[in-house]
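Numbering (this note's numbering), first residue to last: 10 to 225.
Yeah, the Cβ is synthetic: ideal placement off N, Cα and C, and Gly gets one too.
Below, the structure written as structure tokens:
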């Protein structure tokens, strides 16, 4: 029986790669995307819902399928404030997870981050840690928390800081330093997401960077 995939964050680096993989995979009969704007991708199995994330009452009943891929993410500079970043990186994603769990979705897969910790002094890591902590409390059969490091690839919006970090981390990794934060491509992470959804093992699993490469 073909699965139905639900995707948020489909216009981002990982999400856009994931949608391509899902469309090409015969194990998925439907790919349902929820976004603020169109992905511009056309495919027979692809359905798009252009939504207002601030109005969950308008979309929560539509979050029905077999697996929810949560790929939303932003930076403080893009969001404009910590409150705005928190809304995107925590509130929207948690509300979607809640809706999915309520509607009987069995598998939840989150693009989190290396260093995610609800007690972290780093704001971004703390948001991701809080989201990981809270989605694990929802009644999913299978939860995968994918924890990549710096993501590299072609983005809609270029991020100078990430390009600089990529060069620094690549150089350090060449000396065997900071392996936990080795840069990884969006396509590699997307492949790990897809494979996790097929495995869908019962329980909660944190997929750290080395395991992301193994799973891809």
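Check: Buried or exposed: residue 121, going by 16 or more other Cβ atoms within 10 Å of its Cβ?
Finding: In the assembly as shown, residue 121 is a buried residue. Its beta-carbon has 16 or more other beta-carbons within 10 Å.
Note to self: Assuming contact is defined by CB atoms lying nearer than 8 Å, are residue 41 and residue 78 in contact in what I supplied?
What the structure shows: No, they are not a contact pair.
Next item on the list: Look at residue 140 and residue 110 and say whether their C-beta atoms are less than 8 Å apart.
Entry: Taking 8 Å as the Cβ cut-off, residue 140 and residue 110 do not qualify as a contacting pair.
Next item on the list: Determine the DSSP secondary structure at residue 111, reduced to helix, strand or coil.
Entry: DSSP places residue 111 in helix when its eight states are reduced to three.
Next item on the list: Report yes if the C-beta distance between residue 123 and residue 80 is below 8 Å; otherwise report no.
Entry: For residue 123 and residue 80, no; Cβs fall outside 8 Å.
Notebook entry, point to check: Are the Cβ atoms of residue 43 and residue 12 separated by less than 8 Å?
Noted result: Against a cut-off of 8 Å, the Cβ pair of residue 12 and residue 43 comes out as no contact.
Next item on the list: Output the boundary residues of the alpha helix (DSSP H) element that contains residue 222.
Entry: Run containing residue 222: 218-224, per the alpha helix (DSSP H) assignment.
Notebook entry, point to check: Going by C-alpha distance, which of 197, 206, 67 and 35 is nearest residue 104?
Noted result: Checked all of 197, 206, 67 and 35; the closest Cα to residue 104 is 67.
Note to self: Going by C-alpha to C-alpha distance, which of 107, 157, 21 and 200 sits closest to residue 145?
What the structure shows: For the residues 107, 157, 21 and 200, the minimum Cα distance to residue 145 belongs to 107.
Next item on the list: Please confirm whether residue 216 and residue 136 have their CB atoms less than 8 Å apart.
Entry: Going by C-beta atoms, residue 216 is not nearer than 8 Å to residue 136.
Check: So, helix, strand or coil for residue 72, using DSSP?
Finding: For residue 72, the secondary structure class from DSSP, reduced to helix, strand or coil, is coil.
Margin query: Once DSSP output is grouped into helix, strand and coil, what is the label at residue 160?
Written below: In this structure, residue 160 counts as strand in the three-state DSSP scheme.
Checklist line | Contacting residues, own chain, Cβ-Cβ under 6 Å from residue 195 (five flanking each side not counted) | finding: The residues are 22, 23, 26, 160 and 162.
Next item on the list: Round the Cβ separation of residue 114 and residue 76 to the nearest angstrom and send it over; I've been treating them as touching at under 8 Å.
Entry: Between residue 76 and residue 114 the Cβ distance is about 7 Å, and since that is below 8 Å, they are a contact.
Checklist line | Backbone secondary structure at residue 57 - three-state DSSP | finding: When secondary structure is reduced to three states using DSSP, residue 57 falls in the strand class.
Checklist line | Beta-bridge partners of residue 14, as assigned by DSSP | finding: The partner list for residue 14 (beta bridge, DSSP) reads 40 and 76.
Note to self: Restricting to Cα atoms, I'd like to know which of 45, 33, 204 and 72 is closest to residue 314.
What the structure shows: Only positions 10 to 225 of the chain appear in this structure, which leaves residue 314 out of reach.
Notebook entry, point to check: Looking only at C-alpha atoms, which of 56, 126 and 133 sits nearest to residue 94?
Noted result: Residue 133 is the option with its Cα nearest to residue 94.
Check: Under three-state DSSP, which class holds residue 120?
Finding: Reduced to three states, the DSSP call for residue 120 is strand.
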